[in-house]
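Right, one structure below, let's go through it.
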Amino acid sequence: AYGRLRGRALAGIGGDEGARIFCRSLEAELVSVAGRFRVSEDMDAKLAGRPTQIFLDGGFLMIEPLAAANEKS
Numbered sequence: 070a071y072g073r074l075r076g077r078a079l080a081g082i083g084g085d086e087g088a089r090i091f092c093r094s095l096e097a098e099l100v101s102v103a104g105r106f107r108v109s110e111d112m113d114a115k116l117a118g119r120p121t122q123i124f125l126d127g128g129f130l131m132i133e134p135l136a137a138a139n140e141k142s
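Here it is in structure tokens:
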């Protein structure tokens, strides 16, 4: 999503565990990859409104911040 991700975002509905979700601002109430989901109440509050990627790693749903192009590592 090239902007705010709101509502529900589902990726890999057919079981594709390699699917990912990318957004510029995480504001979703629910995210899911290949049937594994997390609701906003269970997400790290530090990720709210930040650029984020959501993916599976070893069957676990991972939600990680993305570095902005103008941020230095």
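Each step along the sequence shown adds one to the number in the working numbering, with nothing skipped, and position 47 is 116. Backbone N, C-alpha and C fix where the C-beta goes; we use that ideal spot for every residue, glycine too.
Partner residues in the beta bridge of ARG105, as assigned by DSSP, are VAL102. In the three-state reduction of the DSSP assignment, ALA114 falls in the helix class. In the DSSP assignment, GLU133 falls within the beta strand (DSSP E) that extends over 129 to 134. Beyond the five residues adjoining it in sequence on each side, VAL108 comes within less than 8 Å, by CB distance, of GLU98 and LEU99 in the same chain, given in chain order.
MET131 and CYS92 have their C-alpha atoms spaced approximately 14 Å apart.
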